[in-house]
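Worksheet: the structure to be examined is printed underneath.
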Amino acid sequence: MDVSLTQSPSVMTLNGIDVAVTRQGSGAPLLLLTNEDGTEAGSKLVDLLAKDFEVIVPDAPGFGASPDDERLTNVDDIAYLYLDLIDHLKLRDVRLVGFSLGGWIAAEMATKSCQNLGRIALVDSYGIKIGGPYDRDIADIYVLPRDDLAARTYGDPSRAPDFATMDEAAVRVIARNRLATVRYCWEPYMHNPKLLGRLHRISVPTFVVWGEKDGIVTPAYGRAYAAAIPGAVFETMAGAGHLPQLEQPERAAAMLRDFLKN
Amino acid sequence: MEVWHFTEMPYPEIPADGPRAVTLGSEVFDPEIGRRLYERYFDEYVLADELGFNHMLNEHHATAGCINVAGPLSCAILARQTKKGRILILGNPIANRSDPIRVAEEMAMIDVISGGRLEVGFVRGVTNELFPANTNPALTYERLWDGVDLVLKAWTTHDGPFNYEGRFWHYRNINVWPRTYQQPHPPVWITGGSNAENVKEVARRGYKFASFLQPHEAVKKLFDAYRDACAEDGLPTPGPERFAYMPFVFTAETEKEAQVGADHLMWYIGGRSQPQFSNPTGYSTLDAVVAGMRGQSASRTAFLRQGGAPLMREKGALIVGTPDSVYKQIVEFSERVGGLGNLLVMQQGGAMPHEDTVRSMTLFGKEVLPRLKKLGGNIAAKAAE
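The listed protein sequences derive, respectively, from chains A and B. Going from the first sequence to the working numbering is simple: count from 1 and add 7. Going from the second sequence to the working numbering is simple: count from 1 and add 5.
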């Protein structure tokens, strides 16, 4: 009787753009925007959140089960697409949660319109430029040697997935997500120069969560992010790196649930 | 067959270990050594001109492998310092250029100065180049073709300004001066590695197609894709003049001496490149991303490189030996790929000394070049001749 229990994506068309959407659980709508690898999809985190919410996970064009669409070229385009998705699904009082790239998309959406948003959680998010032109605010994932990248991404680098032994079909999904990420995020690298100056427009309660060992975007970057959003609460997660929701899913789900349930 | 002398203008005096490109600091560059190298490389082009070669120049950035960082500047120098040979830039990395109209102007100016000796190549650029240029790896083909089309329109529009508001560049007043010396425009070349679809795009526009350091089987596939595209579109069958290939070449009096030259040229192989720079996500296929994530090499020429000099010789990518042997290897290669009209000879590489380079060039120029020129388009001519 509850169709939202299904975990296989359905493709909907928004203004001619095909978007795959996976829905799981029941309760208040929670729009979950994944990190650039899309690895929250089908993860323990989603199972845990689906106990209290209807978790809705869209794939941007080029990611997951969504086809490529060359008309979309930057994160701004994805943000408008997801606002259209909220309208299309007639969602109200949406809990919007974004991880890494997904957090950047969430912040862009909220600066455009908070009309149907209830609460926002941003986790180790990209998107803003806080330093000067010579500052490397966001570690360059396209230049760092692989070992260094793993050390910066995981609080415990041994948690880094071993793609050499992972099922090839799963690797291909992540690889395609990475292709899409390059297309959207190469330049300006992982940020929108205008976003910082627009964050003041966010008018709903916002929770900014950061892995205290994140070496891609540091907690100091996270604090600057939170400071630019009116009333935002900032918390770190001990022992976690850039992907706390994958390294410590129980704890991350509990923190998010406590904030989002209100 | 037309033959084009080429050196990448290497700066070989670098530490034996560590990176050679992208991240190697210029602290290892001695400006006086650099000055002497530039002088010597240009002297070799002047000699090539006297010997009857044409000239090919390229460019790379942030690398000791090639200090010719501005191909148009080198072409401009040769436009004045040489008299006979045609000057091919192969090419302008148009996908990495922020201002294609500047490229159109530079090429037009060199064409006029040289009296119409310029041939203009455009390249997508190799992976290392994405980082200094900051080009989105996923958009290189789009930028290549948008850039080429814009340059061609700028060259061939003569009734005053037009505007352009495209995906990558915006202009309100495109009005290129001078007009190119060759009309309607200089010959256009495009390079390609493995993408047959891209080769077909080259064929449909009637441009020349060049491939570098690939095994003959792969080259034949690319040339076939070109010929097929012409057939599919009802275009005239392309002659060998449409096709170019670049092997390493060294010519010597003895096989033993030739081996020394081969060793110098092989400096370029095993370039110690780091995977994040040699296989950046987005530049190539999804399979390449998967291979990179799994710690495998995605390079289409990896097997050739791993096979070293013996395999490269077998596949036609390393052509060294006595003049007779070099001639035979070239003709054999041409037959294998269905007819080659342009041979781009990389006959200087690594730390190969000036004297060795001159000896090899001179032998080739005197003993091999006249025979290749006589072949003309008659590629079926047997090596036994």
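Just so you know, even glycine gets a beta-carbon here, dropped at the ideal spot from N, CA and C.
- Counting only residues of its own chain and dropping the five nearest sequence neighbours on each side, residue 189/B has a CB closer than 6 Å to the CB of 161.
- Contacts with chain A at 9 Å (Cβ-Cβ) do not include residue 90/B.
- At least 9 Å separates the CB of residue 25/B from every CB of chain A.
- By the C-beta criterion, the region 148 to 157 of chain A is judged not to be in contact with the region 117 to 132 of chain A, since fewer than 3 inter-stretch pairs fall below 8 Å.
- The alpha-carbon of residue 301/B is positioned some 46 Å away from that of residue 179/B.
- Within the model, the alpha-carbon separation for residue 148/A versus residue 367/B is close to 49 Å.
- Contiguous beta strand (DSSP E) elements confined to the region 291 to 338 of chain B occur at 323 to 326, taking only those with 3 or more residues.
- The region 158 to 170 of chain A makes no contact with the region 20 to 39 of chain A; the number of CB pairs closer than 8 Å stays below 3.
- Boundaries cannot be given for residue 66/B, as no beta strand (DSSP E) includes it and DSSP labels it neither H nor E.
- Any Cβ of chain B closer than 9 Å to the Cβ of residue 46/A would place that residue at the interface, and such an atom is absent.
- When the beta-carbon positions are compared, residue 371/B and residue 56/B come within less than 9 Å of each other.
- About 7 Å separates the CB atoms of residue 98/B and residue 64/B; that is less than 8 Å, so the two are in contact.
- Residue 206/B and residue 247/A have their C-alpha atoms spaced approximately 49 Å apart.
- Flagged as an interface residue toward chain A: residue 299/B, by a C-beta distance shorter than 9 Å.
- Looking at the backbone, the Cα of residue 69/A and that of residue 121/A are separated by about 26 Å.
- At a Cβ-Cβ threshold of 9 Å, residue 213/A and residue 182/A do not count as neighbours.
- Residues of the region 286 to 320 of chain B that bring their beta carbon within less than 7 Å of a beta carbon in chain A comprise 286, 287, 291, 294, 295, 298, 299, 300, in sequence order.
- Here residue 162/B carries a coil assignment [DSSP, helix/strand/coil].
- Using beta-carbon distances, residue 105/B does not count as an interface residue toward chain A, since no partner is under 9 Å.
- Around residue 137/B, no beta-carbon contact reaches into chain A at under 7 Å, the shortest distance being about 12 Å.
- Among the residues of the region 144 to 161 of chain A, those with a Cβ less than 8 Å away from any Cβ of chain B are 149, 150, 151, 152, 153, in the order of the chain.
- The continuous stretches of beta strand (DSSP E) do not include residue 95/A, which lies in the alpha helix (DSSP H) extending over residues 82 to 95.
- For residue 101/B, the secondary structure class from DSSP, reduced to helix, strand or coil, is helix.
- Straight through space, the alpha carbons of residue 156/B and residue 167/B are spaced by roughly 12 Å.
- Within the DSSP secondary-structure output, residue 376/B pairs in no beta bridge.
- Below the 9 Å Cβ cutoff, chain A contributes no neighbours of residue 100/B, its closest Cβ being approximately 13 Å away.
- Secondary structure at residue 177/B: strand, using DSSP grouped into helix, strand and coil.
- Proximity of chain A to residue 284/B at the Cβ level (cut-off 8 Å) is not reached, the minimal Cβ distance being about 11 Å.
- Under the three-state reduction of DSSP output, residue 165/A falls in the helix class.
- Any Cβ of chain A closer than 9 Å to the Cβ of residue 67/B would place that residue at the interface, and such an atom is absent.
- About 5 Å separates the CB atoms of residue 348/B and residue 8/B; that is less than 8 Å, so the two are in contact.
- For residue 60/A, no CB of chain B lies under 9 Å from its own CB, so it is not counted at the interface with that chain.
- Under the DSSP assignment, residue 213/B falls in the beta strand (DSSP E) whose first and last residues are 213 to 217.
- Nearest in C-alpha terms to residue 142/B, of all of 117/A, 185/A, 29/A, is 185/A.
- The region 101 to 116 of chain A and the region 72 to 91 of chain A touch, with no fewer than 3 CB-CB distances between them shorter than 8 Å.
- Apart from sequence neighbours up to five positions away, the residues of its chain that approach residue 68/B with a beta-carbon distance below 8 Å are 25, 26, 27, 29, 133, ordered along the chain.
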